[in-house]
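J.:
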Amino acid sequence: MVKVAEIKQENIICAAIEIFSEKGLDQASMEAISKKAEVSKRTLYKYYPTKESLFSVIVERMLSNVKVLSDIPFDPEQTVRAQLTLLAEKEIELLCSPCFLALARVVMSECIRSQQLAKLMMEKFEPLDGCYGLSKWIEQGAAAGRLKVEYPHVASEQFIASLKSIAFWPQLLAHTPAPDEQTRRVAIECAVNQFVATYEINNT
Numbered sequence: 001m002v003k004v005a006e007i008k009q010e011n012i013i014c015a016a017i018e019i020f021s022e023k024g025l026d027q028a029s030m031e032a033i034s035k036k037a038e039v040s041k042r043t044l045y046k047y048y049p050t051k052e053s054l055f056s057v058i059v060e061r062m063l064s065n066v067k068v069l070s071d072i073p074f075d076p077e078q079t080v081r082a083q084l085t086l087l088a089e090k091e092i093e094l095l096c097s098p099c100f101l102a103l104a105r106v107v108m109s110e111c112i113r114s115q116q117l118a119k120l121m122m123e124k125f126e127p128l129d130g131c132y133g134l135s136k137w138i139e140q141g142a143a144a145g146r147l148k149v150e151y152p153h154v155a156s157e158q159f160i161a162s163l164k165s166i167a168f169w170p171q172l173l174a175h176t177p178a179p180d181e182q183t184r185r186v187a188i189e190c191a192v193n194q195f196v197a198t199y200e201i202n203n204t
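For the sequence shown, the UniProt record's numbering begins at 1 and goes up steadily by one.
Quick look at the structure:
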């Protein structure tokens, strides 16, 4: 059973994401967040002493979502195409999530405003291998003799970028609707086809 305290904290985080998105970290106020979350300022300060601590929680939540995809290993028993398709499906599911998009808008807007914060975000994302663990997956595939990739990080950036062009940037910047199932399938198929054609070793 979900505790009342957990519900309150979730309401506060959701309210903070909305307020930060509208006003930015500097202009946002704890009073506005407490009103949006429908909690007293005393309750708000009990869980989060400052708006910076709230922003930190938002960042950590975004990173935890990303990390789920960074831990998927290469499986020598499965085809490259099948594994990459599954990775792409999980990636697009994350990118199209309204919550993830909201988090991304908040974090990105603050990084644009603050060079120091942007540097901090880069340091936080670096352990996750940049493209959600895909570089590590590619390296494991090369070690298994299934892929030939000279620059794993570049290959991973290209693959993720092809998905983001359909299922992230238009929604993030232009607030367009998330792509429908057919569009997602086509985007995944095109990205996978290009990767396989370029990097898979044909052992048959």
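Here a beta-carbon is modelled for each residue, glycine too, at the ideal position from N, C-alpha and C.
According to the neighbour-count rule (16 or more other Cβ atoms, all chains shown, within 10 Å of its Cβ), is Lys-3 buried or exposed?
T.: Exposed, since its Cβ has fewer than 16 Cβ neighbours within 10 Å.
J.: Once DSSP output is grouped into helix, strand and coil, what is the label at Glu-200?
T.: Strand, per DSSP.
J.: Grab me the residues of Ala-142's own chain with a C-beta within less than 6 Å of its C-beta, minus the 5 sequence neighbours each way, in chain order.
T.: If we look at Ala-142 and ignore the five residues flanking it on each side, its Cβ neighbours are Val-149.
J.: Under DSSP, the alpha helix (DSSP H) around Gly-24 begins and ends at which residues?
T.: Residues 4-27.
J.: Under 8 Å between C-beta atoms, does Ala-15 make it to chain C?
T.: Considering every chain present, this structure includes no chain C. It has just one protein chain.
J.: Where do the N-terminal and C-terminal ends of the alpha helix (DSSP H) with Phe-100 fall, by residue?
T.: Residues 98-113.
J.: Looking at Ala-88 and Leu-163, is the spacing between their C-beta atoms short of 8 Å?
T.: The answer is yes: Cβ separation under 8 Å.
J.: Looking at the unbroken alpha helix (DSSP H) that takes in Leu-134, where does it start and where does it end?
T.: Counting along the chain, the alpha helix (DSSP H) containing Leu-134 begins and ends at 134-143.
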